[in-house]
Amino acid sequence: MKVKLKDIHIRTWTPEGTLVGIVQIIHGMGEHGGRYDQLARRLNKEGYLVVSTDHRGHGLSVEKIEALGVIPQPFETLIEDEMELTCQLKRGYPGIPLFILGHSMGSFMAQGHMKKSTEEVEGYILSGSCRTPYLKTAMGSKLGKIIELIRKNKKSKLMNKLLFAGYNRAIKGRITAFDWLSRDKKVVARYIEDPYCGFVYTSGFYASFLAYLSKLFHKHDFDSLDRDIPLLIMSGDRDPVGFYGRGVRRLAHFYEKMGFRNLRLKLYPGGRHEMINEINRVEVHEDILQFLKGNLTLHPNNQ
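So the sequence shown is residues 32 to 334, counted in this note's numbering.
Shown next, in the form of structure tokens:
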């Protein structure tokens, strides 16, 4: 089956032999779905079909490099794309369990997806995530809107700096501006060399994304969700996005307090932001597989 979304590049990794499940990957900021190739190939070996978009304004979904970071607003448009992909996959592979793996920005998108699609999905993996502070995101959104009024649809180095400037601060002997991504120097080097990575977004995008984050954890939005949906929250305890473990624990606590019963938190000692690309990536990939295999039972509406 071929999935298709208008103006969006879709990457597919197809297993040989029997199909046991589907993993829909939602990638993060300043990157693209192709960076998940090693994980996807590992999942293929166990019978999982892996599918990832390059979001609008990312990767091969742009016609020219200069268009990276220029994205239609509101931010929720990206989530709607992922929901449409989920629907296509469920129609094309009826009865096959589907999981969502969202990394970083993609983890926040996955949680928006979860609010509307738990009946379609067997489980969610949130990588490089956290519970974001309301005040920080709300104020950041307002600043982005002001900048957007002045410099319409222009890329904002100021907003990029405000969001990312401190991420390397805790790393001793840092060499590059992206050492916070992984302890694996080759991974960092490939990221820096990739023309589709590390780009700056428009101020309007930053404003819209931060506005979305400021509303993400409104408790009433979770009232109707299946509290038995499996959740795996995974992060390195040296990930600045997760506030070095504190924000990740806050995220897990939020879902526990909301009554989610099938939740697992995995914090990797010394790990940075991209655990699937860390020096212990083999361990991480096996933990992901263990989660998938342990939750392959079909939902009643899939039977």
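Beta carbons: idealized from backbone N, C-alpha and C, even for Gly.
Review point. Buried or exposed: which applies to Ile110, given that a residue is buried once 16 or more other Cβ atoms fall within 10 Å of its Cβ?
Key: So Ile110 counts as buried.
**Study point:** Three-state class that DSSP yields for Arg295 in the structure shown
**Key:** Arg295 sits in a strand when the DSSP states are folded into three classes.
Point to revise | Residue closest to Leu180, alpha-carbon to alpha-carbon, out of Pro300, Leu296, Thr43, Thr233 | key: The option with the nearest alpha carbon to Leu180 is Thr233.
Review point. In the structure shown, what three-state DSSP assignment does Asn332 receive?
Key: Note on Asn332: pLDDT 40, under 50, position unreliable in the model; the coordinate value appears next. Three-state result, Asn332: helix.
Practice item. May I ask you to report which of helix, strand or coil DSSP gives Leu80? Key: In this structure, Leu80 counts as strand in the three-state DSSP scheme.
Check your understanding: To the nearest angstrom, how far is it from the Cα of Glu224 to the Cα of Lys288?
Key -> When only Cα atoms are considered, Glu224 and Lys288 end up about 42 Å apart.
Exercise for review: Identify whether His316 lies in helix, strand or coil by the three-state DSSP scheme.
Suggested key: The answer is helix: DSSP assigns His316 an H, G or I state.
Check your understanding: Helix, strand or coil: which one does DSSP assign to Gln104?
Key -> In the structure shown, the three-state DSSP call for Gln104 is coil.
Point to revise | Test item: CB-CB of Pro164 and Leu327 under 9 Å | key: Taking 9 Å as the Cβ cut-off, Pro164 and Leu327 do not qualify as a contacting pair.
Practice item. Would you decide whether Pro271 is buried or exposed? Buried here means 16 or more other CB atoms lie within 10 Å of its CB. Key: Taking every protein chain shown into account, the CB of Pro271 has 16 or more other CB atoms within 10 angstroms, so this residue is buried.
Review point. Does the region 296–310 come close enough to the region 204–220 to have 3 or more Cβ pairs within less than 8 Å?
Key: Short answer: they touch.
**Study point:** Residue span of the alpha helix (DSSP H) that contains Gly154, given as start and end
**Key:** If you look at Gly154, you'll find it isn't in any alpha helix (DSSP H); it sits in the beta strand (DSSP E) that goes 154–158.
**Study point:** Own chain partners of Gly143 with C-beta closer than 6 Å, once the 5 adjacent residues on each side are dropped
**Key:** Correct list, in chain order: Ile110.
Check your understanding: Is it right to say Ile206 is buried, meaning 16 or more other beta carbons lie within 10 angstroms of its own, or is it exposed?
Key -> The residue in question, Ile206, is exposed, as its Cβ has fewer than 16 Cβ neighbours within 10 Å.
**Study point:** Leu132 to Gly159 span [Cα, whole Å]
**Key:** Leu132 and Gly159: Cα-Cα distance of roughly 11 Å.
Check your understanding: For Val313, is the classification buried or exposed, using 16 other Cβ atoms within 10 angstroms of its Cβ as the cut-off for buried?
Key -> Per the 10 Å Cβ criterion, exposed.
Check your understanding: Taking the alpha-carbon positions, what's the Lys35 to Ser92 distance?
Key -> Computed Cα separation, rounded: 12 Å.
Check your understanding: Is Pro46 near Gly154, with beta carbons less than 9 Å apart?
Key -> Pro46 is not a Cβ neighbour of Gly154, given a cutoff of 9 Å.
Practice item. Measure the C-alpha to C-alpha separation of His330 and Ser255 and round it to an integer number of angstroms. Key: Its pLDDT being 45, under 50, His330 is placed unreliably in this model, and the coordinates cannot settle the point.
**Study point:** For Arg277, three-class secondary structure by DSSP
**Key:** Looking at Arg277 - three-state DSSP - the assignment turns out to be helix.
Review point. For Leu53 versus Ser83, is the C-beta distance shorter than 9 Å?
Key: The sequence shown places Ile at residue 53, not Leu. For Ile53 and Ser83, no; Cβs fall outside 9 Å.
**Study point:** Inter-stretch contact at 8 Å, needing at least 3 Cβ pairs: the region 185–192 / the region 242–252
**Key:** Contact fails: fewer than three Cβ-Cβ distances are below 8 Å.
**Study point:** Anticipated Cβ contact below 8 Å, Ile39 with Pro226, distance rounded
**Key:** About 19 Å separates the two Cβ atoms, so there is no contact after all.
**Study point:** For Ser266, the first and last residue of its enclosing beta strand (DSSP E)
**Key:** It spans 262–267 - the beta strand (DSSP E) in which Ser266 sits, taken as one unbroken run.
Review point. Apart from the five residues just before and just after Phe285, which ones in its own chain have a Cβ nearer than 8 Å to its Cβ?
Key: Within the same chain, Phe285 has close Cβ partners Arg162, Phe248.
Review point. Measuring CA to CA, which of Gly88, Asp210, Met60 is closest to Met136?
Key: Closest by alpha carbon: Met60.
Point to revise | Three-way DSSP call (helix, strand, coil) for Ile206 in this model | key: Correct three-state label for Ile206: coil.
Practice item. Could you have a look at Lys185 and say whether DSSP puts it in helix, strand or coil? Key: Coil at Lys185, not helix or strand.
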